[in-house]
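Residue numbers (the numbering used here), protein chains in the order written: chain A, 1468 to 1582; chain B, 353 to 464.
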Amino acid sequence: NAGVTQTPKFQVLKTGQSMTLQCAQDMNHEYMSWYRQDPGMGLRLIHYSVGAGITDQGEVPNGYNVSRSTTEDFPLRLLSAAPSQTSVYFCASSYRSGGSRNTIYFGEGSWLTVV
Amino acid sequence: KNQVEQSPQSLIILEGKNCTLQCNYTVSPFSNLRWYKQDTGRGPVSLTIMTFSENTKSNGRYTATLDADTKQSSLHITASQLSDSASYICVVSAGNTDKLIFGTGTRLQVFP
């Protein structure tokens, strides 16, 4: 099984450009989420989805959009990239939310640099 | 405020030695506590998940303990190997929101 697949692995953007980070999972998980990881900080939740057609904001949603048209895919869109969005982004999926015992699977990460 | 604090921030040990990583949390109400291993340049991988009623959970050479009264957890690594070099992240779930609170991790380096 592929698990959680993220693309691209690395990306350099100019300030003001837009792009989409792709995330796909093949485990039929209902719950998917996007995090960013910055030096010296724990992972922070950007957006999450509890099922197809349902999304909600996390801790740091500004500057990002998401959609969930299928169970498998959960893309993250940067609307107008800013240097503050330079970070490592992780997509995660699980059968249910983090409050249950089920394992949360993370993708391999997408390294984004905004210049 | 819900917080997860890990110590030490970094740790260097020799191959074959044991080590213990600490996690203190102020999350309430508590739902569960997870330990993840994150290799450099990779995504976090789950090691253990513990709920309120569980004191100990093992996964090979990794043993996690939980003291819900003192809100402390530890991850003990036995007979360390070079492949144990990674960051170890403690994650606590807040029961009323299902929100995950991540620690900043302990960076472990194992040298031959």
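Backbone N, C-alpha and C fix where the C-beta goes; we use that ideal spot for every residue, glycine too.
Taking residue 439 (chain B) as the centre and dropping the five residues before and after it, the same chain places the C-beta of 390, 457, 459 closer than 6 Å to its C-beta, in chain order.
Counting C-beta atoms within 10 angstroms of its own C-beta, residue 400 (chain B) has 16 or more neighbours from the protein chains shown and is therefore classed as buried. Non-local beta-carbon contacts of residue 398 (chain B) in its own chain, meaning distances under 7 Å to residues more than five positions away in sequence, involve 386, 388 in chain order. Shown here for residue 1549 (chain A): same chain residues with a beta carbon closer than 7 Å to its own, the five before and five after excluded, namely 1482, 1530, 1581 in chain order. Counting along the chain, no beta strand (DSSP E) covers residue 1508 (chain A), and no H or E run does either.
Rounded to the nearest angstrom, the gap between the Cα atoms of residue 417 (chain B) and residue 406 (chain B) is 8 Å.
When Cβ pairs closer than 8 Å are counted between the two stretches, the segment 1536-1547 of chain A is seen not to touch the segment 374-384 of chain B, the count staying below three.
At least one CB atom of chain A sits nearer than 8 Å to the CB of residue 394 (chain B).
At least one CB of chain A lies nearer than 8 Å to the CB of residue 356 (chain B). Contact of residue 1503 (chain A) with chain B is not assigned, every C-beta pair being separated by 8 Å or more. For the segment 1553-1581 of chain A, the residues whose beta carbon sits under 7 Å from a beta carbon of chain B are, in order, 1557, 1564, 1565, 1566, 1568, 1570, 1571, 1573, 1574, 1575, 1576.
Excluding its 5 nearest sequence neighbours in each direction, residue 1506 (chain A) has no C-beta neighbour in its own chain below 8 Å. Per DSSP, the beta bridge partners of residue 428 (chain B) are B:372, B:415. Of all residues in the segment 396-410 of chain B, those with a C-beta nearer than 8 Å to a C-beta of chain A are 396, 397, 398, 401, 403, reading in chain order.
With respect to residue 462 (chain B), residue 432 (chain B) sits close: the two C-beta atoms are nearer than 8 Å. In the DSSP assignment, residue 380 (chain B) falls outside any beta strand (DSSP E), carrying neither H nor E.
What residue 1507 (chain A) touches in chain B, judged by beta-carbon distance under 8 Å, is 456, going in chain order. Ranking B:455, B:360, B:445 by CA distance to the CA of residue 403 (chain B) puts B:445 first. Nearest to residue 357 (chain B) by C-alpha distance, out of B:367, B:423, B:395, is B:423.
Collapsing the DSSP output to three states places residue 434 (chain B) in a helix. Interface criterion not met: the Cβ of residue 1543 (chain A) is under 8 Å from no Cβ in chain B.
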